[in-house]
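Below is one structure, written out as structure tokens, with a few remarks after it.
2 protein chains.
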Amino acid sequence: MSIGVIEVPTRRALLVQKIEEQILTGKLRAGDSLPSERQLQEETHISKTMIHAALVELEQKGFLEITPRRGAVVANYTETGTMETLNARIRLNGGNMTAKQTRSFLEARIAIEGAALRRLAERRTDEDLAYLEQILAQADALLEREKSDDAALADALFRFHRGICLRSGNEFFPLLLNEFRPIIMEFWMRSIAVFGAASNVHLAKRYLELIRAGDAEGAFHRLERSVNEYLSCLDEQ
Amino acid sequence: MSIGVIEVPTRRALLVQKIEEQILTGKLRAGDSLPSERQLQEETHISKTMIHAALVELEQKGFLEITPRRGAVVANYTETGTMETLNARIRLNGGNMTAKQTRSFLEARIAIEGAALRRLAERRTDEDLAYLEQILAQADALLEREKSDDAALADALFRFHRGICLRSGNEFFPLLLNEFRPIIMEFWMRSIAVFGAASNVHLAKRYLELIRAGDAEGAFHRLERSVNEYLSCLDEQ
DNA sequence: TCCAGTAATTGGTCCGACCAAAAGGACGGG
DNA sequence: CCCGTCCTTTTGGTCGGACCAATTACTGGA
């Protein structure tokens, strides 16, 4: 057990976190208006510049709606919520997704990556295969090392699956994966912990072979099956 | 033709827009580094506080990568790009998607909304149906009016289809639709222009009936068919 | 040639003051 | 009693200067 880097949070980050908490725990509800920036300044003893910066950050994350000279109100995140909002919600929960969130995530994964997988298997080129092979070679190199680096391997797995979306020719799929990134990385870290590093890389190679063979349905069903395996392993715990 | 609301953009927004333009038009390429914040301050006569805020915003949008004390470089948006990045790209192009983007969008729509549709049809409750009916009632009310308001109708259609995702029980799908929002709204505006307002509302009612009947496959194929119709109509133009 | 020491530069944070627009009263004519 | 006009207050948005810590670039001596 190492202590690791100790980072001092900034006042602004703390303020953002505090307001996020109030919203996510329901103390602040959609439609509620926040105190004015000056009032917050007095309460918190933080300069108005930083108060303002924090509120703008929360607006960009989809938590608030700011109208100039009218104030900030808590947004209804059914209306404005994005992946950013969800990431914050998960972070608040100590980085753990609820069972429902996990299921939702995997369902979304099948929908998006499944579609990409099908398309890619149908129209893969040599260039596509080379692109994916190169990422797997990096993953193999990571396996060879004596010191295992799970984070680097998870990153490689992420890039492999994003590569599938990228090479499917659809311009939206890889962007969606980028949006999901923190969640997907967490997923792979867990998968490595449960099934082992080698097993995950081996599975990736299976996908590549199915794509090479042009077996769209086979690749899709492989995805469905591995997701279900993951789910049943999760249920056991 | 009405003039509409005139909103004064903030300096920060203008700076963000300008840098976005430079990146999207290729004047700034991935890997290029930006001038330092102080240099930008001199060039633009905008205070460093605002310069910094603008750069951070661009980082959150996936256009830049900022390293403390090293500067900001233009990001490779394969790596960092999000829906926000794509929205900006489309906005720069006058709100028009390329043919490939349109195809990608519709493919993503089938993947996501199709999955939601299937799930919802299998496990819909009376509450779910009432929720969707209520949105369609609003759409009907809009149709009755003598003055047609396409934007309001497009919004209702958006909320109906987001409602499908919301009521599917998957926590990710509605968030994804929010992320897509500007693009989806553009899509519905176009669909209203091509097929007419009544026709679009009528189609929505068909989905609702298929969901009510629990016909998951029927609903899914309805979606596929209407997407293909839209595509072939687009090809004709 | 090398290296320690230093000066300059960088992004990140913070402050207190000011601006223009909007909201809310106060006032006065009808 | 009503309604427009004027003025004060409050609001978010902006500014320029300051400081910090880390990095980089340079410089002088061994």
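If you read the sequences in order, they're chains A and B. Residue numbers for the first sequence follow our numbering, so the first one is 924 and each next one is one higher. Residue numbers for the second sequence follow our numbering, so the first one is 924 and each next one is one higher. Glycine included, every Cβ here is placed at the ideal spot set by N, Cα and C. Small disclaimer: the values here were computed from a predicted structure and weren't measured.
_At the 8 angstroms Cβ level, is ARG1113/A part of the contact set with chain B, yes or no?_
no
Task: Same chain, Cβ closer than 6 angstroms to SER925/A, neighbours up to 5 away in sequence not counted - done: Confidence in SER925/A is poor, its pLDDT being 48 and thus under 50, which makes the residue's placement unreliable; the coordinate value appears in the next sentence. Contacts found: none.
Next on the checklist: Give me, in chain order, the residues of the same chain whose beta-carbon lies closer than 8 angstroms to that of ARG1135/B; leave out the 5 immediate sequence neighbours on both sides.
Outcome noted: ARG1047, LEU1052
**Asked** How should GLY1119/A be labelled, buried or exposed, when 16 other C-beta atoms within 10 angstroms of its C-beta is the threshold for buried?
**Response** exposed
Practice item. For ASN1093/A, return the contacting residues in chain B, with the cut-off set at a CB-CB distance below 7 angstroms. Key: SER1027, GLU1030, ALA1031
- request: With DSSP as the reference, label GLU1094/A as helix, strand or coil.
  value: coil
> In angstroms, rounded to a whole number, what distance separates the CA positions of HIS1084/B and ILE1035/B?
Replying inline: 11 angstroms
Checklist entry - Hey, does ALA1136/A have any beta-carbon neighbour from chain B nearer than 8 angstroms? => result no
| message | Check for me: the alpha helix (DSSP H) holding VAL997/B runs from which residue to which? | response | No alpha helix (DSSP H) holds VAL997/B; the beta strand (DSSP E) holding it covers 994 to 997.
Check your understanding: ALA998/B and GLU988/B: beta carbons closer than 8 angstroms?
Key -> yes
Whole angstroms are fine: how far does the CA of GLU1152/A sit from the CA of ARG952/B? 43 angstroms
>> Could you tell me the alpha carbon to alpha carbon distance between ILE1087/B and ALA1127/B, rounded to whole angstroms?
In response: 11 angstroms
*Per-residue burial, VAL931/B [other beta carbons within 10 Å of its own, 16 or more giving buried]*: exposed
>> Contact defined as beta carbons within less than 8 angstroms: I believe ASN1093/B pairs with GLU1030/A. What is the distance between those atoms, to the nearest angstrom?
In response: 5 angstroms
| query | Taking the C-alpha atoms as reference points, what is the distance between LEU938/A and SER1149/B? | reply | 47 angstroms
For PHE984/B, is the classification buried or exposed, using 16 other Cβ atoms within 10 angstroms of its Cβ as the cut-off for buried?
Looking at the sequence shown, residue 984/B is not Phe but Lys. LYS984/B comes out buried.
CA-to-CA distance, ARG1041/A to GLU1140/A, given in whole angstroms:
7 angstroms
- Query: Buried or exposed: which applies to SER959/B, given that a residue is buried once 16 or more other Cβ atoms fall within 10 Å of its Cβ?
  - Reply: exposed
My output table needs one value for LEU1015/A: the three-state DSSP class, helix, strand or coil. helix
Under 8 angstroms by Cβ, that's how I've got SER970/B and GLN964/B pegged, so tell me the actual separation to the nearest angstrom. 7 angstroms
In chain order, what residues of the same chain have a beta carbon less than 8 angstroms from the beta carbon of ASN1010/A, not counting five sequence neighbours either side?
PRO1105, ILE1106
Quick one: residues in its chain with C-beta nearer than 6 angstroms to the C-beta of GLU1102/A, no 5 flanking neighbours on either side, listed in chain order?
MET1006
query: Quick one: Cα of SER1155/B to Cα of ASN1123/A, how far?
result: 42 angstroms
What does ALA976/A touch in chain B if you count any residue whose Cβ is under 7 angstroms from its own? ALA976
Nearest to GLN945/A by alpha carbon, out of VAL979/A, ARG1012/A, THR990/A, MET973/A? ARG1012/A
Exercise for the section: Label SER956/A either buried or exposed according to how many other C-beta atoms from any shown protein chain fall within 10 Å of its C-beta, with 16 as the threshold for buried. Expected result: exposed
Take GLY1004/B and list the residues in its own chain whose beta-carbon comes closer than 8 angstroms to its own, dropping the five residues that flank it on each side. GLY985, ALA998
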